[in-house]
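To convert, note that position 50 of the sequence shown is 939 in my numbering; the numbers rise steadily by one, no gaps. Quick notes on the structure that follows.
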Amino acid sequence: MKKTELMYEGKAKRVYASDADGICIVDYKDDATAFNGLKKGTIAGKGAINNRVSNHIMAMLETHGIPTHVVEQLSDTATAVYRVEIVPVEVIVRNIAAGSLSKKLGIPEGQALKCTVLEFCYKNDALDDPMINETHAIAMGLATKEELDIISGYALRINDILRAFFLEHGIELVDFKLEFGRKPDGTIILADEISPDTCRFWDSVTHEKLDKDRFRRDMGGAEDAYNEVLRRLMGE
Ligand code: TMP
890 MKKTELMYEG KAKRVYASDA DGICIVDYKD DATAFNGLKK GTIAGKGAIN
940 NRVSNHIMAM LETHGIPTHV VEQLSDTATA VYRVEIVPVE VIVRNIAAGS
990 LSKKLGIPEG QALKCTVLEF CYKNDALDDP MINETHAIAM GLATKEELDI
1040 ISGYALRIND ILRAFFLEHG IELVDFKLEF GRKPDGTIIL ADEISPDTCR
1090 FWDSVTHEKL DKDRFRRDMG GAEDAYNEVL RRLMGE
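This is the structure in structure tokens:
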């Protein structure tokens, strides 16, 4: 399978068309951004780490019956994925208060939440990905009620699977962001990536941050943290 033309360049990935019908090729970059692109930098080796980590997690989710866009890894940084129409609703799942939830609601970071929190954001950089509710998403035609029910069901199941999985590797899954896509027949599948860019991972004993917050908050050690996640998950 070969890349053909560049279809889209995002902040952390390039998406190419391919010579295979219905398949795109995603190429992960080392570029890191935060605050909707206001802060820019690179995390050396991130592209290859996120490619491997995300593919490993998605393959594991497939064994639990979650359909994903991953077809096959092609190189260190590139993966063939099903071509989908991305549903412009980002889904955030939270187990422990952190980040924007702590800021907005005044809940200290690290405080356990009495139930899993599910948030939707409208995927729109010009508007800064504002939080919306289900009726906004339906009213704007971003997704149907049936699609949102499927997406919410998947998001909660993914959370149950991932929490147990990461805990086995000494990692607490604080929160994460998911994106879903529609295949040409309308089937909803998990798309985008699951990586230290899109999740908050804390060491389950020391609570040390092992994710992009090290970059967002200028803490240093982002490369080491991403490598540590890879090592814990893949035993390297
Ligand atoms: P938040 O606390 O900043 O809302 O982030 C919640 C989770 O979503 C966190 O694990 C990081 C992830 N996330 C993304 O993947 N992309 C984004 O653009 C943002 C804002 C958060």
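Note that CB positions come from ideal geometry on N, CA and C, so glycine has one too. As the structure is a prediction and not an experimental result, all values here were calculated from the model.
- Message: On a Cα-Cα basis, can you pick out the residue from Asp-965, Pro-997, Ile-1083 and Gly-926 that is closest to Ala-948?
- Response: Minimum Cα distance to Ala-948 is reached at Ile-1083.
- Task: Specify the secondary structure class of Asp-920 as computed by DSSP and reduced to three states.
- Result: When secondary structure is reduced to three states using DSSP, Asp-920 falls in the strand class.
- Message: Do Val-970 and Val-1182 have their beta-carbon atoms positioned less than 7 Å apart in this structure?
- Response: This structure cannot settle anything about residue 1182, because the visible part of the chain is limited to 890 through 1125.
- Any heavy atom of the ligand TMP closer than 6 Å to the Cβ of Ser-989? Set against 6 Å, the gap from the CB of Ser-989 to the closest heavy atom of the ligand TMP is smaller.
- At what residues does the alpha helix (DSSP H) containing Arg-1103 begin and finish? It spans 1102-1105 - the alpha helix (DSSP H) in which Arg-1103 sits, taken as one unbroken run.
- Query: Taking Thr-1024 as the reference, which of Phe-1104, Leu-1099, Asp-1038 and Val-982 has the closest Cα?
  - Reply: When only C-alpha atoms are compared, the closest one is Asp-1038.
- Query: What's the C-alpha gap between Gly-954 and Cys-1088?
  - Reply: Cα-Cα distance, rounded: 21 Å.
- Query: Do you know whose CA, among Ile-1021, Cys-1004 and Thr-1005, lies nearest Lys-1012's CA?
  - Reply: It is Ile-1021 whose Cα lies nearest to the Cα of Lys-1012.
- Give a yes or no on whether the C-beta atoms belonging to Leu-1079 and Thr-968 are separated by under 7 Å. No, they are not a contact pair.
- Go ahead and pull the three-state DSSP assignment for Gly-1059. In the structure shown, Gly-1059 sits in coil (DSSP, three-state: anything other than H, G, I, E or B).
- Kindly list the residues whose CB is nearer than 8 Å to the CB of Asp-908, restricted to its own chain and excluding five residues on each side of it in sequence; keep chain order. Taking Asp-908 as the centre and dropping the five residues before and after it, the same chain places the C-beta of Met-890, Lys-891 and Thr-893 closer than 8 Å to its C-beta, in chain order.
- First and last residue of the uninterrupted beta strand (DSSP E) at Leu-963: No beta strand (DSSP E) contains Leu-963, which DSSP labels as neither H nor E.
- For Leu-994 and Ala-906, the rounded distance between their alpha carbons: In a straight line, the C-alpha of Ala-906 is about 42 Å away from that of Leu-994.
- Query: What is the C-beta distance between Ser-1093 and Gly-1059, in whole angstroms, given that I count them as a contact (C-beta under 8 Å)?
  - Reply: The pair is a contact, with the Cβ atoms about 5 Å apart (cut-off 8 Å).
- Task: For the alpha helix (DSSP H) containing Arg-1120, list its first residue and its last residue.
- Result: Where Arg-1120 is concerned, the enclosing alpha helix (DSSP H) starts and stops at 1111-1123.
- Residue nearest to Arg-1105 in terms of C-alpha spacing, selected from Ser-1041, Tyr-917, Ile-932 and Ile-981: Of Ser-1041, Tyr-917, Ile-932 and Ile-981, the residue nearest in Cα terms is Ile-932.
- Task: Can you tell me which of the three DSSP states Val-984 falls into?
- Result: Residue identity check: residue 984 is Asn in the sequence provided, not Val. Three-state result, Asn-984: strand.
- Item | Run of the alpha helix (DSSP H) containing Ala-948, from where it starts to where it stops | Judged by DSSP secondary structure, Ala-948 falls within the alpha helix (DSSP H) whose first and last residues are 935-952.
- Item | Buried versus exposed, by CB contacts within 10 Å (16 or more), Asp-1086 | Classification for Asp-1086: buried.
- Exposed or buried, what is Arg-861 when buried is set at 16 or more other beta-carbons lying within 10 Å of its beta-carbon? This structure gives no information on residue 861, because the portion of the chain shown stretches from 890 to 1125.
- Within its chain, find whatever has a CB closer than 8 Å to the CB of Val-1063; leave out the 5 residues flanking it on each side and keep chain order. So the qualifying residues of the chain are Arg-983, Asn-984, Ile-985, Ala-987, Cys-1088, Arg-1089, Phe-1090 and Trp-1091.
- When you compare each of Asn-1116, Gly-1075, Gly-926 and Cys-1004 to Leu-1016 by their alpha carbons, which one comes out closest? Taking only the C-alpha atoms, the option nearest Leu-1016 is Gly-926.
- What's the gap between the Cα of Arg-1046 and the Cα of Leu-1007? The alpha-carbon atoms of Arg-1046 and Leu-1007 are separated by roughly 12 Å.
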